[in-house]
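Asker:
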Amino acid sequence: MKGKLFLLGLIAIFSTGCTGTKVLVTPDPESFEAVYNYKYQDLGLRNIPGDKVYAPAGNITESFGTELRTSRFAKNVYYPLRPDDNVDIILESKFDLEMDPHMGSGMVKAFITGFTFFLLEPLFWYDYDYKIVGSVDVYKNGILTHNVSAQTDATTSMKWLSLSKGQTLEGEALGKAKRSLFKQLMIELDKE
Numbered sequence: 002m003k004g005k006l007f008l009l010g011l012i013a014i015f016s017t018g019c020t021g022t023k024v025l026v027t028p029d030p031e032s033f034e035a036v037y038n039y040k041y042q043d044l045g046l047r048n049i050p051g052d053k054v055y056a057p058a059g060n061i062t063e064s065f066g067t068e069l070r071t072s073r074f075a076k077n078v079y080y081p082l083r084p085d086d087n088v089d090i091i092l093e094s095k096f097d098l099e100m101d102p103h104m105g106s107g108m109v110k111a112f113i114t115g116f117t118f119f120l121l122e123p124l125f126w127y128d129y130d131y132k133i134v135g136s137v138d139v140y141k142n143g144i145l146t147h148n149v150s151a152q153t154d155a156t157t158s159m160k161w162l163s164l165s166k167g168q169t170l171e172g173e174a175l176g177k178a179k180r181s182l183f184k185q186l187m188i189e190l191d192k193e
């Protein structure tokens, strides 16, 4: 009986592997094709603090300003916007980021993994979900003209023996998720 159980464990390990990582961002940032040739000369950017923030994501509005500049959407992006800055358009951005570590299922998976002396370790993936929602109000000549919004979901998955790569994967996932969100917002802003 012990030999069969040991053999089953070896087959599981060899067929699925002990380590592994995955990053999935929906929608994929590479799926957006847009070319901008400086739609705006001078663009002002303001930050409205989000209701849900996640410190490892950094200042999302500042990243949005960098993306607006590097994608050639606007020649000059003023962030933070000062009262004496003369701009063509003002964008007020609000970004909310939620992180769900699935603690309940993670604890159950860890218990089962330890209880079976790591024989079932290759069967379990530990998932961490991120959801970024962005909303941008557009002001021309001090008047609110319209609002655009977008959402991006990201998931990092890793096996128990790969959990040490969590911070690296989190940075990769958040970077891709922010690029995806920014591209969606710029496509919507370009329609106006």
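Each residue of the sequence shown is one higher than the last, beginning at 2 in our numbering.
Don't be surprised by glycine CBs; every beta carbon is placed ideally from N, CA and C.
1) Tell me the rounded alpha-carbon separation between P28 and S150.
2) In the structure shown, what three-state DSSP assignment does M104 receive?
3) According to DSSP, which residues form a beta bridge with D154?
4) Would N48 and T62 be called neighbours here (beta carbons separated by less than 7 Å)?
5) What are the partner residues of I90, as DSSP defines its beta bridges?
6) Taking the alpha-carbon of D52 as reference, which of K184, T169 and I133 has the nearest alpha-carbon?
7) Nearest by alpha-carbon distance to P84: which of D191, V24, G143 and G172 is it?
8) Please report how far the alpha carbon of M108 lies from the alpha carbon of I90, in whole angstroms.
9) Just the C-alpha distance for F119 and Q168, rounded to the nearest angstrom, thanks.
10) Output yes or no for whether 7 Å exceeds the beta carbon distance between T157 and L170.
11) What residues are listed by DSSP as bridge partners for D97?
12) Rounded to the nearest angstrom, what separates T67 and P81 at their Cα positions?
13) Using the three-state DSSP reduction, which class does V109 fall into: helix, strand or coil?
14) Do you know offhand how far S1's Cα is from L9's?
15) Measuring only the C-alpha atoms, how far is L182 from T20?
16) Any idea what DSSP makes of M187, helix, strand or coil?
17) Could you tell me whether the Cβ atoms of K179 and T22 are closer together than 7 Å?
18) Kindly indicate which three-state DSSP category L8 falls into: helix, strand or coil?
Answerer: Reading from the atomic positions:
1) Residue numbering aside, residue 28 sits at position 27 when the sequence shown is read from its first letter. Residue numbering aside, residue 150 sits at position 149 when the sequence shown is read from its first letter. So the alpha carbons of these two residues sit roughly 14 Å apart.
2) The count along the sequence shown starts at 1 and reaches residue 104 at position 103. Looking at M104 - three-state DSSP - the assignment turns out to be helix.
3) Residue numbering aside, residue 154 sits at position 153 when the sequence shown is read from its first letter. The partner list for D154 (beta bridge, DSSP) reads T27 and K132.
4) Here residue 48 refers to the residue found at position 47 when the sequence shown is read from its first residue. Here residue 62 refers to the residue found at position 61 when the sequence shown is read from its first residue. Yes, these two residues count as a Cβ contact at 7 Å.
5) Locating residue 90 in the sequence shown gives position 89, where the first residue counts as 1. Bridge partners of I90: L44.
6) The residue labelled residue 52 in the question sits at position 51 within the sequence shown. The shortest C-alpha separation from D52 is found at I133.
7) In the sequence shown, counting from the first residue as 1, residue 84 sits at position 83. Nearest of D191, V24, G143 and G172 to P84, Cα basis: G143.
8) As a position in the sequence shown, residue 108 is number 107, starting the count at 1. As a position in the sequence shown, residue 90 is number 89, starting the count at 1. Their Cα atoms are separated by approximately 49 Å.
9) Sequence index remark: in the sequence shown, residue 119 carries index 118 (1-based). Sequence index remark: in the sequence shown, residue 168 carries index 167 (1-based). If I take the Cα positions, the gap works out to 23 Å.
10) For the purposes of this step, residue 157 is taken as residue 156 along the sequence shown, with counting starting at 1. For the purposes of this step, residue 170 is taken as residue 169 along the sequence shown, with counting starting at 1. Yes; because the gap between Cβ atoms is below 7 Å, this pair is in contact.
11) Translated into the one-based positions of the sequence shown, residue 97 becomes position 96. In the DSSP output, where bridge partners are listed per residue, D97 has V134.
12) Indexing the sequence shown from 1 puts residue 67 at position 66. Indexing the sequence shown from 1 puts residue 81 at position 80. The straight-line gap from Cα to Cα measures roughly 12 Å.
13) Within the sequence shown, the letter at position 108 stands for residue 109. DSSP places V109 in the helix class (H, G or I) of the three-state scheme.
14) Residue 1 cannot be examined here, being either before or after the span of the chain that is shown, 2 to 193.
15) On the sequence shown, position 181 is the one that residue 182 refers to. On the sequence shown, position 19 is the one that residue 20 refers to. The straight-line gap from Cα to Cα measures roughly 30 Å.
16) In the sequence shown, residue 187 corresponds to position 186, counting from 1. In the structure shown, M187 sits in a helix (DSSP, three-state: H, G or I).
17) Along the sequence shown, one-based indexing puts residue 179 at 178. Along the sequence shown, one-based indexing puts residue 22 at 21. Cβ distance not < 7 Å, so K179 and T22 don't count as in contact.
18) Within the sequence shown, the letter at position 7 stands for residue 8. DSSP places L8 in helix when its eight states are reduced to three.
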